[in-house]
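Oh and the sequence shown: position 53 is 49 in the working numbering, straight run, nothing missing.
Ideal placement from N, C-alpha and C gives every residue a C-beta, glycine not left out.
Owing to the predicted nature of the structure, the values given are computational and were not obtained by experimental measurement.
Have a look at the structure below, then the notes.
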Amino acid sequence: MAKLTLHVPDRLIAAAKQEAEARKTSVSKLVSDYFRIFAKSEEPGQPVGLPPVTASLVGCIQGADDDRDAYVDHLERKHS
């Protein structure tokens, strides 16, 4: 296993130690688990932490941004 040195503000270290103690684990395990989330992302830029089914739906509707803009315009007209 490799060793990693991080430069983190003291207040974050204290918070991480408190969280680790509350979860009955180590700060190293917390950090490893956090990094593991990024390793699971198959495509760069894809949202991480989503359930697999939800992640598979990201970006599946082509032109959704155009529809969103039209919907925002509709809501602005309706509520102004």
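Could you compute how far the alpha carbon of residue i sits from the alpha carbon of residue j?
i       : j       : result
ALA35   : SER52   : 16 Å
THR21   : ALA66   : 49 Å
GLY55   : VAL68   : 19 Å
VAL81   : ALA12   : Because the chain spans -3 through 76 in this model, residue 81 falls outside it and cannot be assessed.
LYS25   : THR50   : 27 Å
GLU15   : LEU8    : 10 Å
TYR30   : GLU72   : 40 Å
PRO47   : SER28   : 19 Å
LYS(-1) : GLU17   : 21 Å
ASP6    : ARG19   : 20 Å
HIS70   : ILE33   : 38 Å
HIS75   : MET(-3) : 58 Å
Does the beta-carbon of residue i, which I'm using as the reference point, lie nearer than 6 Å to any heavy atom of the ligand MN?
i     : result
PHE34 : Ligands in the displayed structure: none, and consequently the ligand MN is not present.
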